[in-house]
Amino acid sequence: MKKIEAIIRPTVLEDIKEALGEYGIHGMTVSEVAGCGLQKGRVGIYRGSKFNINLLHKVKLELVTTDNQVNEVVEIISKVGRSGEIGDGKIFIYPLENAIRIRTGDEGDDAIS
Amino acid sequence: MKKIEAIIRPTVLEDIKEALGEYGIHGMTVSEVAGCGLQKGRVGIYRGSKFNINLLHKVKLELVTTDNQVNEVVEIISKVGRSGEIGDGKIFIYPLENAIRIRTGDEGDDAIS
Amino acid sequence: MKKIEAIIRPTVLEDIKEALGEYGIHGMTVSEVAGCGLQKGRVGIYRGSKFNINLLHKVKLELVTTDNQVNEVVEIISKVGRSGEIGDGKIFIYPLENAIRIRTGDEGDDAIS
Amino acid sequence: MNIKYFCLLSILGGLLLFPTVGFAADGPTAESNALAINTVWVLIAGFLVFIMHAGFALVESGFTRAKNTVNILTKNMMTISLGALLFFATGFAIAFGGDVGGFIGNKGFFLTNISDMDFGIPMYGFWFFQAVFCATAATIVSGAVAERTKLSAYFLFTVIITAFIYPVVVHWVWGGGWLATRGFTDFAGSTVVHSVGAWSALVGAYLVGARLGKYGKDGKVRAIPGHNIPLGTLGTLLLWFGWFGFNPGSTLSGTTSDIAWIATTTMLAASAGTVSTTLFTWAKHGKPDLALILNGALAGLVGITAGTAAVTPVGAIFIGAIAGILLPISVDLFDRVIKIDDPVGAISVHGTCGAFGTLAVGLFAHEGGLFYGGGASLLITQIIGVVAVFIWTGVCAFVAFKLIDAIVGLRVSQEEELEGLDLSEHGMEAYGDFTLKAGEIGGFNSRAGKIST
Amino acid sequence: MNIKYFCLLSILGGLLLFPTVGFAADGPTAESNALAINTVWVLIAGFLVFIMHAGFALVESGFTRAKNTVNILTKNMMTISLGALLFFATGFAIAFGGDVGGFIGNKGFFLTNISDMDFGIPMYGFWFFQAVFCATAATIVSGAVAERTKLSAYFLFTVIITAFIYPVVVHWVWGGGWLATRGFTDFAGSTVVHSVGAWSALVGAYLVGARLGKYGKDGKVRAIPGHNIPLGTLGTLLLWFGWFGFNPGSTLSGTTSDIAWIATTTMLAASAGTVSTTLFTWAKHGKPDLALILNGALAGLVGITAGTAAVTPVGAIFIGAIAGILLPISVDLFDRVIKIDDPVGAISVHGTCGAFGTLAVGLFAHEGGLFYGGGASLLITQIIGVVAVFIWTGVCAFVAFKLIDAIVGLRVSQEEELEGLDLSEHGMEAYGDFTLKAGEIGGFNSRAGKIST
Amino acid sequence: MNIKYFCLLSILGGLLLFPTVGFAADGPTAESNALAINTVWVLIAGFLVFIMHAGFALVESGFTRAKNTVNILTKNMMTISLGALLFFATGFAIAFGGDVGGFIGNKGFFLTNISDMDFGIPMYGFWFFQAVFCATAATIVSGAVAERTKLSAYFLFTVIITAFIYPVVVHWVWGGGWLATRGFTDFAGSTVVHSVGAWSALVGAYLVGARLGKYGKDGKVRAIPGHNIPLGTLGTLLLWFGWFGFNPGSTLSGTTSDIAWIATTTMLAASAGTVSTTLFTWAKHGKPDLALILNGALAGLVGITAGTAAVTPVGAIFIGAIAGILLPISVDLFDRVIKIDDPVGAISVHGTCGAFGTLAVGLFAHEGGLFYGGGASLLITQIIGVVAVFIWTGVCAFVAFKLIDAIVGLRVSQEEELEGLDLSEHGMEAYGDFTLKAGEIGGFNSRAGKIST
Ligand SMILES: Nc1ncnc2c1ncn2[C@@H]1O[C@H](COP(=O)(O)OP(=O)(O)O)[C@@H](O)[C@H]1O
Ligand SMILES: Nc1ncnc2c1ncn2[C@@H]1O[C@H](COP(=O)(O)OP(=O)(O)O)[C@@H](O)[C@H]1O
Ligand SMILES: Nc1ncnc2c1ncn2[C@@H]1O[C@H](COP(=O)(O)OP(=O)(O)O)[C@@H](O)[C@H]1O
C-alpha cells in the first residue's frame with residue numbers, strides 16, 4: 009500500500025475525482041490548503057496598500073491505494089490535472105505500514121477495497 | 009515512532025480525544041477534511057436543482073506515537089469511533105524518521121513525550 | 009527526498025517562510041489545523057457557562073526537500089519558530105518514495121527543484 | 071406644466087369607494103390631518119416592527135450552529151408569513167372583533183363584517199400593526215426549540231399560536247376583554263406578546279428536550295457556542311431599532327407627545343439593560359459575556375414594554391437595569407437547575423423579563439405604582455394578569471405540542487440532529503461554498519464547464 | 071430660557087429664498103400641514119426604498135460564490151451612486167420633464183428649468199423618491215450577470231439604463247406618456263421598475279453567457295450554491311421592509327387612507343408568496359428549498375406591486391400565492407429549458423412575476439378587473455403595456471450590451487472567472503482573514519511586527 | 071361597536087399630567103398638528119440615527135480581523151448604551167441647559183429643572199434625537215483604536231467623551247454658545263459630531279500605537295485585510311440609510327420643505343463620494359478598492375453634513391466628489407507618512423472630511439459662500455470653528471487617554487493581541503462553530519450527548 013498525496017488546482021478536483029471513479033477508485037480524502045512555489049502570486053490591494061498574495065488556494069487529495077494501482081493513479085492525476093501552466097501542483101508518494109477500516113477492523117488492502 | 013492518521017466522523021472526535029487522554033495520550037493535531045468512499049452522499053437541492061453531495065464532513069486526527077503505543081491507540085480509535093455504519097472511516101499508519109520538539113530541540117521519542 | 013511536516017504557531021508562519029526563502033526554499037504547502045498537547049487551553053465563557061478551549065489554532069507546514077536539505081530546514085524552522093513557551097509545536101520527518109511535478113511529469117528531486 | 075398621474079388617479083379614484091375613516095375628500099382639515107398623522111405613524115411603526123423579524127432571524131441563526139442555519143431561517147420566513155395570513159383569517163376576529171364573555175372575539179374573520187368598528191385609524195392600518203405584532207409572539211418560539219425540532223411540527227405550532235393562542239390573550243388585554251376591564255396595564259405587550267411567546271417556548275423546549283450534547287453523561291452543562299456572533303449582534307440592534315415601532319407605535323397615535331416619552335423610556339431601559347448585564351457578567355466571570363450582553367439589551371427592552379408609557383425615565387433605567395441582571399440569572403437557572411435547553415435565551419429574555427416588566431408597572435408606574443404611593447392594587451392586578459396569561463398559554467401550548475407530537479412528531483432523529491437539520495431537512499448548506507462538500511457542483515468548477523460556454 | 075439655534079436659523083432663513091411649495095410661512099394651516107405630511111411620508115418611503123439596495127447587495131452576494139463577493143458589492147455600491155447622479159443629470163428630465171409625443175420628456179436636466187412644474191410635494195422630495203426607484207431598476211441586472219461580467223461593462227450598462235432606458239418607460243407610464251393615456255395601470259412599478267430591470271437582465275445574462283461549470287458537458291444543469299444564505303435571507307427581509315416604502319410611498323401622499331390598504335395588500339401578497347413557494351418546493355422535492363422560498367417572498371412582492379392599490383386583500387393573497395408558484399417554475403424554465411444562467415433568479419422574480427403582476431391587475435382589480443365583472447378592456451391594456459415595455463427594454467438593452475461588448479468586452483477571461491473576480495478584478499478577498507492566502511500581511515502577524523511598536 | 075382600549079386610555083390619561091407642549095387636548099388644531107408632524111419627524115429621524123450604530127458595528131468588525139470581532143462588538147453595544155445614559159445624566163445639561171459664558175451649560179442634569187425651556191418639540195423628543203447623536207460621536211473612536219485597546223480603557227474614554235467632551239462642543243455650536251454667536255455653520259455636525267469623534271480617535275490611535283505587524287522592521291506598511299467585507303458593506307449602507315435621519319432630521323421640523331432639499335443633497339454627495347473614490351483608486355492602482363470605496367461613500371456623507379441645508383444639489387455633488395478624493399489621500403497620509411494606525415479609516419472619514427465639509431460651507435453656501443460671491447467672512451468663521459474644536463477635543467482627549475493609561479493602561483499585552491482580544495478579553499470566539507477549537511463542546515457533539523436526552 010502507498011499513500012498518494014496530490015496538491016492540485018481547485019478547479020480540476022471534480023474532473024480528477026470523476027476520472028479516478030471511472031478507473032474504479034472512490035475512496036479519498038480532500039482538504040483545502042494554501043501553497044507557494046514557483047507560481048507567481050497576485051498583487052493584492054487593500055485600502056491603498058499593495059501586497060503580495062503568495063499563498064494560493066490549492067486542494068490536497070489523499071488516497072491510499074494498493075501498490076499496483078500507484079502508477080495508474082499518478083498517471084490519471086497528472087493527465088487530468090495538467091494545464092501546462094506553472095502552479096499545476098505535485099504528487100507525492102509515501103510508504104504506508106498499515107490501514108484499518110474502523111467499521112469492520114479489516115486491515116491492509118482489505119481496509120481500502 | 010509511527011504516525012497514526014485517522015479519518016473519523018466529526019461526532020466522535022470528543023470521545024476519542026477523551027479515551028486517548030485516559031490512556032495517557034494528549035498530543036495530537038486535528039483538521040477538517042472532506043471524504044468520499046463507500047458512504048452514500050446526501051441529495052442536495054438548490055434552487056430546484058438536485059445534486060449529489062458526495063464529499064462528506066470528516067475529521068482527520070494525526071498522532072505521532074512511540075512504536076509500542078500504536079496497537080493500543082488503533083484499538084481505542086477503532087472501538088470508540090465505530091458505529092458499524094458505512095462511513096466510520098479509516099486508520100492509516102505511517103513510518104516516521106524523526107520528530108523534533110521546536111521549543112526544546114528534543115528529538116525522537118523525547119519530542120512527543 | 010524527505011517530507012518535513014512542522015506544526016507551528018500561526019504567528020511565526022511569515023518569518024519561517026521568509027527565512028526558508030532566504031535559504032532558497034520556496035515550495036511548501038500550508039494548512040490550518042487545531043492542536044492539543046501540553047499547552048494549556050483557554051477558559052471560554054459562553055452564556056454563563058465556562059468551558060475549556062483545548063484545541064488551539066496551529067499551522068501545519070509541509071515541505072518536501074532533498075535529503076541533504078533536511079537538517080538545515082529543521083534548523084531554520086526550530087530557530088525562527090522557537091519562543092521557548094509551551095506550544096511551539098513539533099517537526100516530523102517522513103520518508104517519501106517519489107515526487108512528481110504535474111505540469112511536466114518530472115520525477116524525484118527534479119519535481120521539487 | 072402639471073404632471074398628471076393618470077394611472078394613479080384612476081386607481082385612487084377606485085379606492086374612494088372603499089370606506090375611508092374621515093380622510094379629506096375636499097381639502098384637508100385639522101381633523102383629516104390628525105387622522106393622517108396617526109395613520110402614517112402607525113404604519114411606519116408597523117414597518118419597524120416588521121424588521122424585528124430580520125432581527126429574530128439573525129439572533130436565532132447567529133446563536134446556533136452553522137449546520138442548522140438554513141433550517142432556522144426557513145422557520146423565520148414562514149413565521150412572519152403564516153402569522154400575517156392567519157391573523158387575517160382568524161386572529162384579528164378573535165382579538166378585536168366583537169366579544170364573547172370578555173374572553174374571545176367572534177367576528178371579522180377575513181376582515182369582513184367589521185365596517186361598523188372604529189379603530190381611530192383606517193382599519194387596514196390597525197390590522198397591519200397588529201399583524202406584525204402577532205408574528206412577533208410566534209417567532210419567539212423558534213429560537214428556543216431550535217436545532218432539533220421538526221420543521222412540520224414547528225409550522226403546525228405557528229399556525230395554532232397565531233390563529234388562536236395569541237389572539238385570545240390580545241382580546242383579554244387590548245380587545246376589551248376581562249383583563250382590560252380589571253385595569254390590567256400592559257402598554258405594548260411585555261405579557262401579551264413576549265410572555266405568550268416565551269411560555270409557549272418554555273413548553274416547547276421542555277417537551278422537545280435538550281439538544282444532543284447539551285448535557286454531559288454526568289448532567290453537566292456544556293456550552294454550545296453560536297456560529298456567527300456578528301449576525302447575532304446585528305440582529306439584536308435590529309430588534310432594538312424595531313422596538314421604536316413596537317413601543318411608541320402602540321399609542322396608535324402620532325398626535326400625542328407620549329410618543330417622545332415612550333421613545334425615551336425605551337432607549338434608556340435598553341441601555342441600562344446592556345450596561346447592567348455587562349457589569350454583572352464581568353464581575354461574575356472576570357469577562358464580559360457578549361452572548362449575554364446582547365440578551366441583556368433585549369431584556370431591558372422586554373422589561374420596559376409594559377410600562378413604557380407609565381414610568382418615568384429614571385424608572386425606566388431601574389427597570390432596564392434590573393432586567394439586565396435578572397437575565398443572566400434566569401439563563402443560568404434554566405440551563406443548570408431547571409435544565410430546559412434554550413439555545414438563544416428566548417425564555418429568559420421574553421418570559422422572565424416580560425413577567426418582571428409587567429409586574430414592574432405595579433411598582434414603578436408614576437400613577438398608581440407602589441413606589442409612587444399608589445398602593446398595591448395595581449400590582450395585584452398585574453400579578454393576576456401575568457398568572458392568567460401564564461396558565462392560558464402554558465395549557466394551550468402543552469395540548470398543542472402534545473397533539474403535534476402525536477400527529478407528526480416533535481423531534482428529528484438522532485442521526486438527522488447530529489448531521490444537522492440543514493442537510494437532513496433541506497439538503498442545503500448555509501455556507502455551501504466554504505466547504506468542499508458541495509462536491510460535483512460546488513465551489514469548484516470542473517474543466518468540463520469550460521467547454522459549455 | 072429659550073434655546074436658540076443661531077446657525078440653524080440662519081441656514082433655514084437662507085433656504086427660504088428657494089421655492090417652497092406652499093409651506094407655512096407664518097403659522098401652520100391645514101393646507102401646509104397636509105403638504106408637510108405628504109412630504110414627510112414620501113421622504114421616509116424613499117429612505118425605505120434606499121435600504122432595498124442593501125437588500126439587493128446581500129441577496130446578490132449571498133447567493134453567489136465567495137470568490138466573487140467583493141465584485142458584486144462594488145457593483146451594488148456603484149449602481150445606487152451612478153443611478154442617483156444620472157437620474158439627476160438626465161433621467162428625471164426624460165421621465166417627468168415636458169413631453170415629446172407621449173414618448174419622452176425633454177426638460178429639467180440637472181433639475182433646472184422646472185420651477186413651473188407641480189408635483190404635489192416639494193420637487194426635491196419627488197426627485198428623491200424617483201431617484202431611489204431608478205437605481206432599483208438598474209441593480210436588478212447585476213444579480214443576473216454576476217460572477218462573470220466585467221466591472222467596466224456593467225458600469226457602462228448602468229449608465230445607459232439609469233440615464234435613458236428606464237426614464238423613458240417611466241415617462242410612458244408615470245410621466246403622462248402614451249401608456250398613461252391609455253389607462254395602463256402599474257401603481258408602483260411591477261413593469262416600470264421590475265420588468266425593465268429584469269428584461270435588461272435577461273438580455274445581459276443571455277449575451278454574457280452562462281457561468282463556467284453551470285452546464286456540464288452533456289448540457290446537464292449543475293447547481294452552484296450561494297456562499298452565505300444568512301446574508302441572502304437578511305437581504306430578502308430588507309427588501310421586504312423597503313417595499314413598504316416602495317408601494318405605500320407611491321401614493322406620493324400620506325393624507326390618504328390608501329396607504330394602509332396598500333401596506334396590507336403588500337404584506338399579504340409577500341406572505342402568500344413565501345408560503346406557496348414553500349409548499350410547492352416541499353411537495354415537489356420533499357424538502358422546502360430556502361433559496362427559492364426567499365425568491366418566493368420577493369415574487370409575491372413584485373407581483374402585487376402593480377395592483378397593490380387596486381386589488382382587495384383577498385386578491386392580494388391570490389396574486390402572491392400564484393407568483394410564489396410561478397417563480398420556481400420560471401426558475402426551472404430558464405435554468406433547464408431556455409438555459410440562461412441567472413445566479414440569483416432575478417429574471418424570474420422581477421420579470422416573470424412583474425409581468426404576471428401587471429396582467430393580474432386586469433384580472434383582480436376591484437374596479438375594472440375581469441374577475442370582478444369589469445370585462446377584458448383593462449386586461450388588454452395591461453397586455454399592451456407589458457409587451458411594449460418588453461420590446462423597448464429588450465431592444466435597447468440588446469443594442470447597449472452589443473455596443474459595450476464591442477468597446478470593452480462583456481466577459482472576463484476564463485482564468486479570471488475560475489480564479490474569481492475578487493482576486494482578478496480587485497486584488498482583494500471578501501473574507502481575507504479566514505484563509506491563509508493573505509500571506510505576508512494577513513491573518514497572522516509576523517514576529518517582526520513585535521518590534522515595530 | 072367601538073373597541074375600547076381600557077389600559078391604553080388609563081395610561082394615556084395618566085400621562086396627561088406630564089407637561090405636553092401644546093398637543094391637542096380637545097380636538098386637533100393646525101398648531102397641534104404641526105407640532106405632531108415635527109415630533110413624529112424628529113423621532114423617526116432619531117430611530118434612523120440609532121440604526122447607524124448597527125452600521126458602525128458592522129463596518130468596524132468587518133474591517134478588522136476575526137479574532138477581535140467579539141471585542142469590537144462589545145464596545146459598540148456599550149457605546150450606544152453608555153452614551154444614552156450619560157447624555158441623560160450630564161451631557162444634555164452641559165449641551166443645552168442654561169449657559170455659562172458661552173462655553174458650557176449648567177442645568178438640566180437628569181433632565182430635571184428644565185420645564186421652562188422650549189425646544190419646539192416635546193423635550194423628550196429633542197433629548198432622544200440628541201442622545202443618539204452623542205453616541206455617534208463616541209463610537210467613531212472605537213474603530214480607530216480597534217484590535218489592541220483594553221476594553222476597560224475604551225469604556226472609560228466613552229464615559230468622558232459622552233459625558234463631557236462632546237456636550238461642550240454641542241453647547242458651543244448648537245446650544246447658543248460662542249461659536250453659535252459668531253455664526254459658525256455646522257448644520258448636522260460635520261464638526262460637532264464627526265470631528266469630535268475623529269480627533270479623539272486620532273489622539274487615541276496615536277497614544278495606543280499601531281497594531282503589531284502593521285509596520286515591518288523596515289517601517290514598511292503592511293495591509294491587514296478585514297475579515298468580512300460583506301458585513302462592512304452592509305454597515306456602510308446602514309450608515310448611509312441612517313444619515314437620512316442625521317441630516318434631514320436636524321431641521322428638528324417636518325413642516326419645512328428643507329427636509330426634501332436636505333435629503334437630496336445628502337443623497338447626491340454620498341453618491342458623488344462613492345463614484346469619485348472608485349474612479350480615483352481605479353486610476354491609481356488599476357483596480358477599484360472596495361475597502362476605500364465604502365469609506366468614500368461615508369466621506370461624501372460626512373462632507374455634506376455641515377452644509378447639507380446651505381448648498382445646492384450641484385454644490386453637494388462637488389463637495390461629495392472632493393471628499394471622495396480627499397479620503398484615499400488622507401488614508402495614505404496617516405498610513406504612510408504620519409504612521410498612525412487606523413484600521414477602519416475613521417480619522418480620515420470623520421476628521422479629514424468633517425473638517426473639509428465644514429470649511430466647504432464657507433465656499434459653497436448658496437448664501438454667504440465664497441464661490442457664490444459671499445466673500446470670505448463665513449469661511450473665516452468656519453476655519454475658527456474647525457480649529458477651536460480641534461484644539462478642544464485634542465487637548466481633552468490627550469489628557470483623558472493619559473489619565474486612563476495611568477489608571478488601567480491603554481493597551482493589551484503582546485500575547486493577548488497576538489492571540490486576539492476575543493479569546494484573551496472575552497474567552498469567546500465570533501465564529502465559534504467554524505473552527506475545531508471550541509473542542510469539548512463545540513461544533514461536534516460527543517456520543518455521550520446521545521444518552522442524555
Ligand atoms: N517542496 C514542496 N513541498 C511541498 N509542497 C510543494 C513543494 N513545492 C510545491 N509545492 C506545492 O505545489 C504547488 C504548486 O507548485 P509550483 O512550484 O507553484 O508550480 P509547479 O508545480 O507547476 O512547478 C504549490 O502551491 C505548493 O502547494
Ligand atoms: N483509499 C482511501 N484513501 C484515503 N482516504 C480514504 C480512502 N477510502 C476512504 N477514505 C476516507 O475514509 C472515509 C470513510 O470511508 P467509507 O468508504 O465511506 O466508509 P468505511 O470506512 O466505513 O468503509 C471517507 O469519507 C474518506 O475520507
Ligand atoms: N504526538 C503528537 N502527534 C501529533 N501532533 C502533536 C503531538 N504532540 C503535539 N502535537 C502538536 O504540537 C502542538 C504543540 O504541542 P505542545 O505539547 O502543546 O507543546 P510543545 O510542542 O511546546 O511541547 C500541539 O498543539 C499539536 O498540534
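Protein chains in written order, with the numbering used here: chain Z, 9 to 121; chain H, 9 to 121; chain V, 9 to 121; chain R, 71 to 523; chain W, 71 to 523; chain F, 71 to 523. Backbone N, C-alpha and C define an ideal beta-carbon position, used for all residues, glycine too.
Would you say residue i reaches chain Z, if we count a Cβ-Cβ gap shorter than 9 angstroms as a contact?
| i | result |
| --- | --- |
| I395 (chain F) | no |
Distance cutoff 9 angstroms, beta carbons only. Does residue i sit that close to anything in chain W?
| i | result |
| --- | --- |
| A14 (chain Z) | no |
| G113 (chain Z) | no |
| G315 (chain F) | yes |
Looking at residue i and ligand 1, is the gap between the Cβ and the nearest heavy atom below 8 angstroms?
| i | result |
| --- | --- |
| D37 (chain F) | The shown model of chain F, from 71 to 523, leaves out residue 37 (chain F), and the question about it has no answer. |
| I15 (chain Z) | yes |
| K68 (chain V) | no |
| E489 (chain W) | no |
| L71 (chain V) | yes |
If the criterion is Cβ atoms closer than 9 angstroms, does the pair residue i and residue j meet it?
| i | j | result |
| --- | --- | --- |
| P398 (chain F) | N365 (chain F) | yes |
| T232 (chain W) | A258 (chain W) | no |
Using a Cβ cut-off of 7 angstroms, pull out every chain Z residue sitting near residue i, in sequence order please.
| i | result |
| --- | --- |
| M498 (chain W) | G52, I53 and Y54 |
Just to make sure I have the definition right: I need the residues of chain W whose C-beta is within less than 7 angstroms of the C-beta of residue i. Which are they?
| i | result |
| --- | --- |
| T19 (chain Z) | L488 |
Does the CB of residue i have a neighbour CB from chain H at under 9 angstroms?
| i | result |
| --- | --- |
| I99 (chain V) | yes |
| S494 (chain R) | yes |
Cβ of residue i versus every heavy atom of ligand 2: is any distance shorter than 8 angstroms?
| i | result |
| --- | --- |
| D96 (chain H) | yes |
| V46 (chain H) | Note that residue 46 (chain H) is Leu in the sequence shown here, rather than Val. Yes; taking the cut-off as 8 angstroms, the Cβ of L46 (chain H) has a heavy atom of ligand 2 nearer than that. |
So that I know if they touch, is there some Cβ in chain R lying closer than 9 angstroms to that of residue i?
| i | result |
| --- | --- |
| M187 (chain F) | no |
What does residue i touch in chain R if you count any residue whose Cβ is under 9 angstroms from its own?
| i | result |
| --- | --- |
| V110 (chain F) | I107, V110, W111, I114, G324, T325 and I329 |
How about residue i: is its C-beta nearer than 9 angstroms to some C-beta of chain V?
| i | result |
| --- | --- |
| G502 (chain F) | yes |
Quiz item: Hey, which unbroken runs of the alpha helix (DSSP H) at 4 residues or more fall wholly within the segment 414 to 453 of chain F?
Solution: 423 to 434
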